[in-house]
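Asker:
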Amino acid sequence: MTGIFWEISKRNIRIHMLRSSLAMLGIIIGVVAIASMGILGNTIVQEVSSSLSSVGDSVIVTPYAGGGGGFGGGGGSNNMYLTNQNFQQIKRSVAPNVAIPVMSTSAHMKVGVGSDDIVAAIYGLPPDDTKKLLPDLEAGDYSNGNSGCLVGTTFAKDHNIKVGSRISIGQNGEYGTLRVTGIIKERGMSFDISTDNALVVTKDWFENAFDRSNDELNEVVVKVTKGDTADIKTTIEKQLNRNTKDKTVSVIDSKATLASIFETFGMITTFVTAIGGISMIVAGVSIFNIMMMSVNERIKEIGIMRSIGTQKKEVMSMFIYEAAIIGVVGSVIGGLLSIVAGYAISSLMFRTTEYLFTVASMLSVAEGVGFGIVICILCGLYPAWQAANLNPIDALRHE
Amino acid sequence: MPPVIQFSDVVKVYPLRAGDVVALSHISFEVEHGEFISIMGPSGSGKSTLLNLMGCLDTPTYGDIFISGIGVRAMSDVELTNLRRDRIGFIFQYFNLFPLLNIVENVSFPQMLKSQQQVDEKRAVEVLRAVQLDEHLYTHTPLELSGGQQQRVAIARALINDPDILLCDEPTGNLDSKTGASIMELMIDLHRKGSTIIVVTHDPNIAEYTDRTIRIVDGRIAE
Numbered sequence: 190m191t192g193i194f195w196e197i198s199k200r201n202i203r204i205h206m207l208r209s210s211l212a213m214l215g216i217i218i219g220v221v222a223i224a225s226m227g228i229l230g231n232t233i234v235q236e237v238s239s240s241l242s243s244v245g246d247s248v249i250v251t252p253y254a255g256g257g258g259g260f261g262g263g264g265g266s267n268n269m270y271l272t273n274q275n276f277q278q279i280k281r282s283v284a285p286n287v288a289i290p291v292m293s294t295s296a297h298m299k300v301g302v303g304s305d306d307i308v309a310a311i312y313g314l315p316p317d318d319t320k321k322l323l324p325d326l327e328a329g330d331y332s333n334g335n336s337g338c339l340v341g342t343t344f345a346k347d348h349n350i351k352v353g354s355r356i357s358i359g360q361n362g363e364y365g366t367l368r369v370t371g372i373i374k375e376r377g378m379s380f381d382i383s384t385d386n387a388l389v390v391t392k393d394w395f396e397n398a399f400d401r402s403n404d405e406l407n408e409v410v411v412k413v414t415k416g417d418t419a420d421i422k423t424t425i426e427k428q429l430n431r432n433t434k435d436k437t438v439s440v441i442d443s444k445a446t447l448a449s450i451f452e453t454f455g456m457i458t459t460f461v462t463a464i465g466g467i468s469m470i471v472a473g474v475s476i477f478n479i480m481m482m483s484v485n486e487r488i489k490e491i492g493i494m495r496s497i498g499t500q501k502k503e504v505m506s507m508f509i510y511e512a513a514i515i516g517v518v519g520s521v522i523g524g525l526l527s528i529v530a531g532y533a534i535s536s537l538m539f540r541t542t543e544y545l546f547t548v549a550s551m552l553s554v555a556e557g558v559g560f561g562i563v564i565c566i567l568c569g570l571y572p573a574w575q576a577a578n579l580n581p582i583d584a585l586r587h588e
Numbered sequence: 002m003p004p005v006i007q008f009s010d011v012v013k014v015y016p017l018r019a020g021d022v023v024a025l026s027h028i029s030f031e032v033e034h035g036e037f038i039s040i041m042g043p044s045g046s047g048k049s050t051l052l053n054l055m056g057c058l059d060t061p062t063y064g065d066i067f068i069s070g071i072g073v074r075a076m077s078d079v080e081l082t083n084l085r086r087d088r089i090g091f092i093f094q095y096f097n098l099f100p101l102l103n104i105v106e107n108v109s110f111p112q113m114l115k116s117q118q119q120v121d122e123k124r125a126v127e128v129l130r131a132v133q134l135d136e137h138l139y140t141h142t143p144l145e146l147s148g149g150q151q152q153r154v155a156i157a158r159a160l161i162n163d164p165d166i167l168l169c170d171e172p173t174g175n176l177d178s179k180t181g182a183s184i185m186e187l188m189i190d191l192h193r194k195g196s197t198i199i200v201v202t203h204d205p206n207i208a209e210y211t212d213r214t215i216r217i218v219d220g221r222i223a224e
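For the protein sequence lines, the chains are D and F, in the order given. Here our numbering is used: the first residue of the first sequence is 190, the next is one more, and so on. Here our numbering is used: the first residue of the second sequence is 2, the next is one more, and so on.
Written out as structure tokens, the structure is:
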């Protein structure tokens, strides 16, 4: 019996094509808003995730920089550097995980004779640990001597640096000249060291060039291969921050920080999608209005149907089918268009569409489509109920 | 065999803010199988209320109504709807066909409600032939037909479930006299074949076609 009411609903939509199309347009806009916002949020998360995930197993220890805020901090010490003793304590407490001492600064430099003055970050690492912290090279090899260095991929591209190029450090080369032995693969944003636009030299060279001692470490990076990063963080804090009023180090658990970042992105995505949802609610109001018009126009027809033996639920189904057809067609078109919109947004904003056809993105489209259909059916329920509960005698008299 | 319709001391009161309106007062009558009856009366006399009660579109305030021996007073909406679908055929003044459906679908509609299945074209064609509608019109929509043709379709729709009663509300009221006469001829033909027909009308010429006339005045039967 579904057949005849389904058929009547289809034909009613067809004879009111303009009105039905406008209602569908509202739903299409709503679905596109929700789904494309979802795709956008997901693409951002995936993009950031791909940049950060490689450092998800690190614990970064830096000198404690005060914690209370305000004038003069909140009572903690303000150290510039970590000492070798701090490093040794960290190394012992995290074993068998590897602790890597890192020195860093920024300096003027020139690539080749007569080139422009460049300012970039320079990291000093023990040669044995460089490979552990930076396992992937794009070209060349690790430096096996004091005068060699690695450069980041962005730095190399921007300044046309190749393996074998020479870089003189200092405004007049006063710190010495380094030969590029390798180019570090792109690492993106990271919590430990950001090498894409920097140089990595040996710790010995760094100490000699910048007159640093072994007690002037900028940070210690712990590569966690055994145990949980949160436990390692706690261990280090217990070991080095025994005096709670006068802390020595700040410890960052990169995994927890990542989780917090992703949680924030998730909230942003939800918020933006909710804004998209407002357009869907507006579309729902339009569907409700159109369904009420449809009921009002067909009061007499409903009266005839009821008088010749149509049950209330059958009258109701006819209007719900109508709302559902508008909802399904509008939402599916909206879903397809949101993929197109997602493609355009990804291409223009991120210059990649690799995250478009991921499960999360497709789930956003499915959510938009599902929400569109549900909104349409919900907005058709009351008009359908009203139609079904019309008094047949009054409905028959209606002109 | 019980009467097709039995009204027993039926009262219908419409409660209004300004005061109760008694539309029908202590009405009792019976309609036997195969009778052809007209119901006449001036405007406001209670004809429409009587028709609504006979058609199970409404229930009495007091008294009892039996359709083929089945008491309707305590029936639920679902039961009344099923009764209308299975035992009563309605014919309206303004034909009241569904403009979105073609002729065969319009005629089949009550049958589809009853059988919960798709269009049975064979049965629809059978009743359409019985009301003498040209076959080339079967796939047309109601608005493409004349008034007389539409009323024949409406009669076919009323007949398709083999109802116990045909209730006609001014069936020729919207037709010219010649077409009206042809529709009444069709009614007489159906009556001869055994249908029970009740016609509500204010036209004495229509009443002349029937076996018996029930006159309603101020909500009471005036014999």
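All C-beta atoms in this analysis are idealised placements derived from N, C-alpha and C, irrespective of residue type, glycine included.
Can the beta-carbon of D:Ile228 be found closer than 8 Å to that of D:Gly523?
Answerer: No; because the gap between Cβ atoms is not below 8 Å, this pair is not in contact.
Asker: Could you give the residue range of the beta strand (DSSP E) that holds D:Ile355?
Answerer: Here the sequence assigns Arg to residue 355 of chain D, which means Ile is not the residue at that position. It spans 355-358 - the beta strand (DSSP E) in which D:Arg355 sits, taken as one unbroken run.
Asker: For D:Phe276, count the other beta carbons within 10 Å of its own beta carbon; 16 or more makes it buried, fewer makes it exposed. Which is it?
Answerer: Under this definition D:Phe276 is a buried residue.
Asker: In angstroms with no decimal places, state the Cα-to-Cα distance between D:Glu236 and D:Gln274.
Answerer: Using only the alpha carbons, I get a separation of about 39 Å.
Asker: What is the rounded straight-line gap between the Cα of D:Gly359 and the Cα of D:Lys422?
Answerer: C-alpha separation (whole angstroms): 37 Å.
Asker: At the level of alpha carbons, what is the spacing between D:Gln575 and D:Ser506?
Answerer: Each residue's Cα considered, the two are about 12 Å apart.
Asker: Let me confirm a value: D:Asp347 is counted as buried when at least 16 other C-beta atoms fall within 10 Å, else exposed. Which label applies?
Answerer: Under this definition D:Asp347 is an exposed residue.
Asker: According to DSSP, is D:Phe508 helix, strand or coil?
Answerer: Correct three-state label for D:Phe508: helix.
Asker: When you compare the CB of D:Glu486 with every CB in chain F, is at least one pair closer than 8 Å?
Answerer: It does not: the Cβ of D:Glu486 has no partner Cβ on chain F nearer than 8 Å.
Asker: With a threshold of 8 Å between beta carbons, is D:Gln500 in contact with chain F?
Answerer: Cβ-Cβ to chain F under 8 Å: yes for D:Gln500.
Asker: Of all Cβ atoms in chain D, is any one closer than 8 Å to the Cβ of F:Phe8?
Answerer: By this cut-off, F:Phe8 is not an interface position.
Asker: Which chain D residues are close to F:Met41, counting only those with a beta carbon under 9 Å from its beta carbon?
Answerer: Under the 9 Å cutoff, chain D gives no residues; its nearest Cβ is about 20 Å from F:Met41.
Asker: Does F:Arg85 have its Cβ less than 8 Å from a Cβ in chain D?
Answerer: Output row for F:Arg85: interface = yes.
Asker: Where does D:Phe380 sit, in a helix, a strand or coil, going by DSSP?
Answerer: In the structure shown, D:Phe380 sits in coil (DSSP, three-state: anything other than H, G, I, E or B).
Asker: Based on DSSP bridge pairs, tell me the residues matched to D:Glu396.
Answerer: Answer by DSSP bridge pairing: none, since D:Glu396 is not bridged.
Asker: Name the chain F residues that come within less than 9 Å of D:Ile193, Cβ to Cβ?
Answerer: Near D:Ile193 (Cβ distances below 9 Å), the residues of chain F are Leu102, Glu106, Ser109, Phe110, Met113, Leu114, Gln119, Val120.
Asker: By DSSP, does D:Ile592 sit in helix, in strand, or in coil?
Answerer: Given a span of 190 to 588 for chain D in the structure shown, any question on residue 592 of chain D remains unanswerable.
Asker: Pull up the CB-CB distance for F:Val5 and F:Glu33, whole angstroms please, since I reckon it's below 8 Å.
Answerer: Yes, they are in contact, since the Cβ atoms of F:Val5 and F:Glu33 sit about 7 Å apart, within 8 Å.
Asker: Exposed or buried, D:Tyr510, counting other C-beta atoms within 10 Å across all chains shown (16 or more means buried)?
Answerer: Buried: at least 16 other Cβ atoms inside 10 Å.
Asker: Along chain F, in chain order, which residues have C-beta atoms closer than 8 Å to that of D:Ile185?
Answerer: Outside the displayed range of chain D (190 to 588) lies residue 185 of chain D, so it cannot be described from this structure.
Asker: Please confirm whether any heavy atom of the ligand COA lies closer than 7 Å to the CB of D:Met292.
Answerer: Inclusion of the ligand COA in the displayed structure is not the case, the ligand content being empty and no account of it being possible.
Asker: Could you tell me the alpha carbon to alpha carbon distance between F:Leu160 and D:Asn201, rounded to whole angstroms?
Answerer: Approximately 27 Å between the Cα atoms of the pair.
Asker: Are the Cβ atoms of D:Leu585 and D:Lys501 separated by less than 8 Å?
Answerer: Contact flag unset, no.
Asker: Hey, out of F:Asn53, F:Val126, F:Ile198, F:Gly42, whose CA is closest to F:Asp212's CA?
Answerer: Among F:Asn53, F:Val126, F:Ile198, F:Gly42, the Cα nearest to that of F:Asp212 belongs to F:Ile198.
Asker: Can you give the Cα-Cα distance for D:Ala387 and D:Met292, rounded to whole angstroms?
Answerer: In a straight line, the C-alpha of D:Ala387 is about 13 Å away from that of D:Met292.
Asker: Which residue wins for smallest C-alpha separation from D:Ile197, given the options D:Val504, D:Ala463, D:Tyr364, D:Glu363?
Answerer: When each option's Cα is compared against that of D:Ile197, the closest is D:Val504.
Asker: Could you say which of F:His141, F:Arg124, F:Asn162, F:Pro61 lies nearest to F:Phe91 if we only look at CA atoms?
Answerer: The residue with the shortest Cα to Cα distance from F:Phe91 is F:Asn162.
Asker: So D:Leu552 is in the alpha helix (DSSP H); what residue range does that whole segment cover?
Answerer: From DSSP, the alpha helix (DSSP H) with D:Leu552 extends over 548-577.
Asker: At a CB-CB cut-off below 7 Å, which residues of chain F make contact with D:Pro572?
Answerer: Neighbours of D:Pro572 on chain F: none; closest Cβ ~18 Å, over 7 Å.
Asker: Leaving out five residues on either side along the sequence, give the residues of the same chain with a beta carbon under 7 Å from the beta carbon of F:Ile156.
Answerer: For F:Ile156, where only same-chain residues beyond five positions count, the Cβ hits under 7 Å are Ile92, Val132, Leu187.
Asker: Would the region 480-494 of chain D count as touching the region 546-556 of chain D if we require 3 or more Cβ pairs under 8 Å?
Answerer: No, because fewer than three Cβ pairs between the region 480-494 of chain D and the region 546-556 of chain D fall closer than 8 Å, the two stretches do not touch.
Asker: Given 8 Å as the limit, is there contact between the region 468-476 of chain D and the region 44-61 of chain F, that is, 3 or more CB pairs closer than that?
Answerer: As far as the Cβ criterion goes, the region 468-476 of chain D does not touch the region 44-61 of chain F, which means the pair count is below three.
Asker: Whose C-alpha, out of D:Ser379, D:Tyr253, D:Ala512, D:Glu486, is nearest the C-alpha of D:Glu426?
Answerer: Checking every option, the nearest Cα to that of D:Glu426 belongs to D:Tyr253.
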